[in-house]
Amino acid sequence: MFAFTAFATRSVTLAWDASTSTNVVSYNIYYGSAGGVYTNVISVASSTNVTISGLVEGVTYYFAATAVNMSGEESPYSNQTADALPSAVSALAPLPKSAGCFSFNVTGGAGYQYIVQSSTNLTTWTSVTTNIAPFSFTDNNSPNLPKCFYRALYQEP
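Counting with this note's numbering, you get residues 3 to 159 for the letters of the sequence shown.
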């Protein structure tokens, strides 16, 4: 029995110049999927960068920052910036058996790197190869397994 799944996670790292004000103690990063409409906020202490993960592929996100002073007052929003997250979803397509071994193609975003993992129980996964899409994979160990499951995970650069 063979099952195919594809997973991809996306994150964005933002960096900004520190405020010139001496009483700024933190920053709030606002973001959302519509320009000027921020549905999420992340508070960042005195750091001038943050990585926001768990973003949906294929969506354009809009970001703005505010500075927060010692009294908890926020500055107006900074200039807005946007980032369109490309989709890196992969598809696994079985190929005809070759010498009793199971093979499949991994197609996803051309030039994206994927990790192919296998499991015999859908709980414990083992990385078996890493490659740039599109590519073909043959599991030479598959004739020795009563069942095996595969997945391709997008690996961010």
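The beta-carbon is built from N, C-alpha and C at its ideal position, and this holds for glycine as well. Here the structure is a predicted model, which means the values were calculated and not measured.
Restricted to the stretch 70–141, the beta strand (DSSP E) segments that are unbroken, complete and at least 3 residues in length are 83–86, 93–100, 103–109, 115–121, 128–134, 137–141, listed in chain order. Below 8 Å, enough C-beta pairs join the stretch 93–113 and the stretch 125–142 to call them touching: three or more.
Using a Cβ distance threshold of 8 Å, Thr128 and Ile117 do not count as a contacting pair. Rounded to whole angstroms, the separation of the alpha carbons of Val61 and Val26 is 32 Å. Look at Ser49 here: in three-state DSSP terms it is coil, with no helix or strand label. Collapsing the DSSP output to three states places Asn146 in a helix. Inter-segment contact for the stretch 79–87 and the stretch 102–118 is absent: fewer than three beta-carbon pairs are separated by less than 8 Å. Between the alpha carbons of Thr53 and Asn146 lies a distance of about 43 Å.
The Cβ atoms of Tyr32 and Val43 lie closer than 8 Å to each other.
Inter-residue distance for Cys103 and Ser121 is about 16 Å (C-alpha atoms, whole angstroms).
Annotation for Trp18: Tyr29, Thr50, Asn51, Ala67, Ser80 place their beta carbon closer than 8 Å to its own, counting only its chain and skipping 5 residues before and after. In the structure shown, the three-state DSSP call for Asn30 is strand. Closest in C-alpha terms to Ala69, from the list Ala47, Asp85, Gly56, comes Ala47. Taking every protein chain shown into account, the CB of Ala36 has fewer than 16 other CB atoms within 10 angstroms, so this residue is exposed. Here the alpha carbons of Val39 and Thr125 stand approximately 39 Å from one another.
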